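Read through the structure below, which is laid out as structure tokens, and then see the notes.
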Amino acid sequence: MAVAKKFTAKTASIPSPIGGWNARDSLANMQPTDAVEMVNFFPTPTDVTLRKGWTVKSSGITGEVQTIITYPLYNGGYKLFGIAGDEIWDASTTTAVSVFSGLTNAKFQFINFSNASGNYVVACNGADPTIIYDGSDWFYLATTSTAASITGISRTSPSNVATVTTATNHGLVTGNKVVITASSELTFLGSHVITVTSPTTYTFVSSATTTVAGATGTYTVLGITGVNSSSFINVNLFKNRLWFTEKASQKIWYLGVDQLAGVATSIDFGGIAGTGGYLQAMGTWTLDAGQGADDYAVWATSMGEVIVYNGTDPNDPAAWALKGVWQFGYVFNTRCFYKFGGDLLMMTQDGLVPLTGSLQSSRLDPRIFITDKIYYEISQQVQYNSNQFGWQILYYAKPNMLIINIPDPNGTKQFVMHTISKAWASFEGINATCWELKYDNCYFGGNGYVAQFWESGSDDGQLISATCQQAYSYFDMVGQQKRFTMVRPTFFLDAGQPSYYVAVNTDFNTQNYLGNVVFNPDFSSVGIWDVAIWDQSAWGGGFVPFSAWSGVQGIGYSAAINLS
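Read in our numbering, the sequence shown has 837 at position 416, and its numbers run on one by one without any break.
Structure representation (structure tokens):
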């Protein structure tokens with residue numbers, strides 16, 4: 422008599438996907454701790470956490486913020502500026518204030534620079550003259566450093582606008598800053614951002630409103646000569662000099678040691694960059710070549726050539742030398758460099774490459790790329806979105822997070838890596854066009870606002886949804902078909918219960934059939950901040966585990982947990 426075969430239920434434990442998102446290996450060849458998809462989860466060395474959200478910190482800005490600039494104050498604080506459209510906005514307060522206008526575009530590169538005269542922001546966008554912030558005013562550097570003779574300064578009451586008339590063409594533009602160094606009218610003395618009214622006249626706002634006619638005086642002006650600084654697309658600080666990259670060319674320009682302005686000197690890389698193209702940007706790379714750590718000057722061309730120099734004085738051939746030229750993939754973005762510790766990261770069509778490893782290897786070895794594990798996905802993003810503005814690299818130390826901002830017409834996203842475990846994930850719902858750090862806090866620019874990231878449990882009041890599909894597993898039974906019936910995920914929370922859907926995908930199906938999660942928090946056992954009564958309500962303690970069995974359906978040889 423035949424005996425019916427008994428089927429027995431078995432359980433298996435699967436570790437959390439702390440290996441992060443894997444967009445390189447085949448579905449059948451992933452490590453158990455990898456994930457086929459990981460959106461809005463962040464993998465750490467010990468667990469996978471729902472990403473934190475963002476809050477608008479400064480609003481009222483007209484247009485999309487395409488550059489955020491920080492300026493350190495002497496008292497240890499910072500000023501925060503957002504540039505959108507044709508205006509610079511002070512975003513240090515809840516409601517942003519416009520402090521400069523008339524820009525051609527808002528796509529600036531900048532550097533903080535200090536010398537004996539003070540602390541400055543130096544910024545350029547390839548269209549307007551190089552712009553400076555000196556702690557009180559934004560102003561353009563002039564194309565001349567020679568002041569024309571003044572034939573008279575006048576002011577008509579009740580206006581506080583003074584008019585300067587020069588004997589010859591002054592060569593200034595609206596937004597330049599002059600310093601009235603001597604005048605028979607003392608209220609005219611000092612620094613003034615001007616408005617040009619003719620080739621021989623300009624105006625500024627004075628400190629008084631009385632009528633003045635025919636006052637005398639002299640002035641000075643801060644400027645770069647030898648080149649029109651409107652052509653500068655990138656700025657860098659190297660060995661106490663300001664270096665500028667000329668737009669759509671193979672020329673660079675540099676100033677004197679510790680100089681904010683003055684005569685600019687050029688170097689043409691036309692005889693060095695053998696594949697053509699134009700220079701995108703300059704970076705500083707710190708390397709120990711066996712004689713102690715030293716800084717190297719690095720330039721990248723649009724065709725992917727990396728040109729490296731070392732030395733202290735480009736005017737002295739004995740103290741300035743070419744170290745080599747390397748070839749990488751197409752460099753499509755002016756914001757292609759990022760200083761990461763002593764290394765210099767560079768974004769190319771092949772992904773994010775660290776120069777320390779890459780210059781000792783080759784483009785043919787993808788293992789040197791930080792983005793190796795998401796190689797296919799990032800190459801797809803470059804293929805379709807390299808012409809979009811908003812690509813940027815940022816290291817956010819507080820959560821050990823390296824961020825690549827990816828502008829996508831269907832919704833900006835971020836590919837993020839935990840810098841300790843090197844595990845990747847993708848973030849969505851953060852429509853950022855630019856990023857910047859202030860202290861150890863992270864800010865990004867959006868449409869009409871500057872927001873702070875990683876400091877709340879929601880995206881400015883909107884709930885955060887996350888999805889993850891873990892790598893497939895045969896559960897130590899490769900050739901045996903299985904029926905999957907229940908899953909019990911484990912969460913750690915400080916209060917309430919999680920809202921989630923869980924399912925299994927079988928035999929390498931990557932479709933997500935889970936619906937939108939409806940959040941129904943249960944905080945009945947603990948107090949809610951700003952609602953509960955102090956000394957009467959119970960407060961949540963540390964994280965506690967929560968797990969419950971959920972029914973699932975699936976038949977196959979392999980399976981992967983799918984969680985929303």
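C-beta: ideal position from N, C-alpha, C; glycine also. Keep in mind it's a predicted model, so treat the numbers as computed, not measured.
Count the other CB atoms, across all protein chains shown, that sit within 10 Å of the CB of residue i; report buried if there are 16 or more and exposed otherwise.
i: S945; result: Only weak support is given to the placement of S945: the predicted model assigns it a pLDDT of 48, under 50, and the question is left unresolved by the model.
i: S783; result: At S783, the pLDDT of 49 sits below 50, so the modelled position is not reliable and the matter cannot be decided from this model.
i: S604; result: buried
i: A742; result: exposed
i: P966; result: exposed
i: D915; result: exposed
i: T738; result: Note that residue 738 corresponds to Pro in the displayed sequence, not to Thr. Counting Cβ neighbours within 10 Å, P738 comes out exposed, since fewer than 16 surround it.
i: L494; result: exposed
i: G652; result: Inspection of the sequence shows that residue 652 is occupied by Ser rather than by Gly. Result: buried.
i: S723; result: buried
i: S619; result: exposed
i: V626; result: exposed
i: R756; result: buried
i: N496; result: exposed
Out of the options, which has the shortest C-alpha to C-alpha gap to residue i?
i: N754; options: I814, W741 and T696; result: I814
i: D446; options: Y797, S619 and F758; result: Y797
i: F761; options: K744, T705, D771 and V727; result: T705
i: F690; options: V727, K660 and F659; result: V727
i: I851; options: Y870, A544 and V457; result: Y870
i: V520; options: D507, F529 and N526; result: D507
i: D861; options: K819, P738 and Y640; result: K819
i: W845; options: G556, T465 and I571; result: T465
i: V938; options: P919, T927 and K528; result: P919
i: F913; options: T646, T467, C863 and T432; result: T467
i: F529; options: C545, A517, P830 and S535; result: C545
i: S480; options: F463, S522, K473 and A505; result: A505
i: F848; options: T470, D455 and T454; result: T470
i: S894; options: S575, I571, L935 and D455; result: D455
i: A449; options: Q891, W970, F964 and V973; result: Q891
i: F531; options: A740, T525, G867 and G547; result: G547
i: V543; options: I824, L681 and P828; result: L681
i: T777; options: L765, D771 and S434; result: L765
i: A685; options: T551, N536 and T630; result: T551
i: F810; options: Q902, T514, F502 and A527; result: A527
Rounded to the nearest angstrom, what separates residue i and residue j at their Cα positions?
i: F758; j: Q883; result: 33 Å
i: R997; j: L700; result: A query on residue 997 cannot be resolved here, the shown segment of the chain reaching from 422 to 985 and no further.
i: K598; j: W559; result: 9 Å
i: G635; j: T564; result: 28 Å
i: G745; j: V729; result: 6 Å
i: T854; j: W812; result: 8 Å
i: S779; j: N581; result: 60 Å
i: S968; j: I791; result: 35 Å
i: A872; j: A512; result: 10 Å
i: G832; j: G539; result: 41 Å
i: A669; j: Y922; result: 51 Å
i: M767; j: T429; result: 55 Å
i: S877; j: Y499; result: 22 Å
i: V585; j: V518; result: 29 Å
i: Y817; j: L610; result: 44 Å
i: D897; j: V752; result: 45 Å
i: I885; j: K834; result: 14 Å
i: M703; j: H613; result: 32 Å
i: C889; j: A721; result: 37 Å
i: V617; j: N590; result: 11 Å
i: L785; j: F749; result: Low confidence applies to L785: its pLDDT is 48, below 50, so where it sits in the model is not reliable, and the reading given next is rough at best. Taking the straight line joining both Cα atoms gives about 9 Å.
i: S628; j: T608; result: 6 Å
i: S437; j: F463; result: 12 Å
i: M838; j: I825; result: 9 Å
Tell me the residue span of the beta strand (DSSP E) that contains residue i.
i: V899; result: Here V899 belongs to no beta strand (DSSP E), and DSSP marks it neither H nor E.
i: Y754; result: Note that residue 754 is Asn in the sequence shown, not Tyr. Careful: N754 lies outside any beta strand (DSSP E) and carries neither H nor E.
i: I553; result: I552 to Y554
i: Y921; result: No beta strand (DSSP E) contains Y921, which DSSP labels as neither H nor E.
i: I982; result: A980 to L984
i: F659; result: F653 to F659
i: N862; result: N862 to S877
i: F912; result: T911 to L914
i: G638; result: G638 to V642
i: L743; result: W741 to Q748
i: Y623; result: T622 to V626
i: R472; result: From DSSP, R472 is part of no beta strand (DSSP E); its letter is neither H nor E.
Taking the alpha helix (DSSP H) that residue i falls in, what are its first and last residues?
i: G778; result: L776 to S779
i: F799; result: Going by the sequence as given, residue 799 is Ile instead of Phe. Where I799 is concerned, the enclosing alpha helix (DSSP H) stretches over Y796 to N806.
Contained alpha helix (DSSP H) runs [length at least 4] in the stretch 483-550, N- to C-terminal order: none
Please list the segments of the alpha helix (DSSP H) lying wholly inside the stretch 544-616, counting only runs of 4 or more residues, in order along the chain. none
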